[in-house]
Amino acid sequence: MVRIVTGVFIVATFLLALSWPLELKGRPSRSSSLRTRQAFASRLALHTGGIVLCLVGAGVGAALISREAKREYREASLRNLKKLVEGEEVD
279 MVRIVTGVFI VATFLLALSW PLELKGRPSR SSSLRTRQAF ASRLALHTGG
329 IVLCLVGAGV GAALISREAK REYREASLRN LKKLVEGEEV D
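Okay, so the sequence shown: first residue is 279 according to my numbering, each after it adds one.
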């Protein structure tokens, strides 16, 4: 489940990053009203915040995946060591 969520975060990050030029396309001119420029700035801040949140989510997911793989490796290593020492398979 963690791998799926992490993958979704990675795909969402790429999609948001690729949509960045579309977000900048509607940039108001300097002579636009303050309200229009503020609306654009808040929309841009939400877009950037979305990218940051997706990156953080992908990083946390990658850390969890890494931790799980390390735990599995440690358990397999211990089983192999017991099998080597005792000469039989330990469940």
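Virtual Cβ for every residue (Gly too), placed ideally from N, Cα, C.
The segment 336-351 contacting the segment 294-306, beta-carbon criterion three pairs below 8 angstroms: In short, these stretches do not touch, since the Cβ pair count stays below three.
7 angstroms Cβ shell around G335 - same chain, five flanking residues per side excluded: For the purposes of this step, residue 335 is identified with residue 57 of the sequence shown, where counting begins at 1. Setting aside the 5 residues that flank it on each side, G335 is surrounded in the same chain by F287, each with a C-beta closer than 7 angstroms to its C-beta; the list follows chain order.
First and last residue of the uninterrupted alpha helix (DSSP H) at P299: One-based indexing of the sequence shown puts residue 299 at position 21. Per DSSP, P299 belongs to the alpha helix (DSSP H) from W298 to K303.
G339 classed as buried or exposed, judged by whether at least 16 other C-beta atoms fall within 10 angstroms: In the sequence shown, counting from the first residue as 1, residue 339 sits at position 61. Around the beta carbon of G339, 16 or more other beta carbons lie within 10 angstroms, which makes this residue buried.
S344, DSSP secondary structure in three states: Taking the sequence shown and counting its residues from 1, the one referred to as residue 344 is at position 66. The answer is helix: DSSP assigns S344 an H, G or I state.
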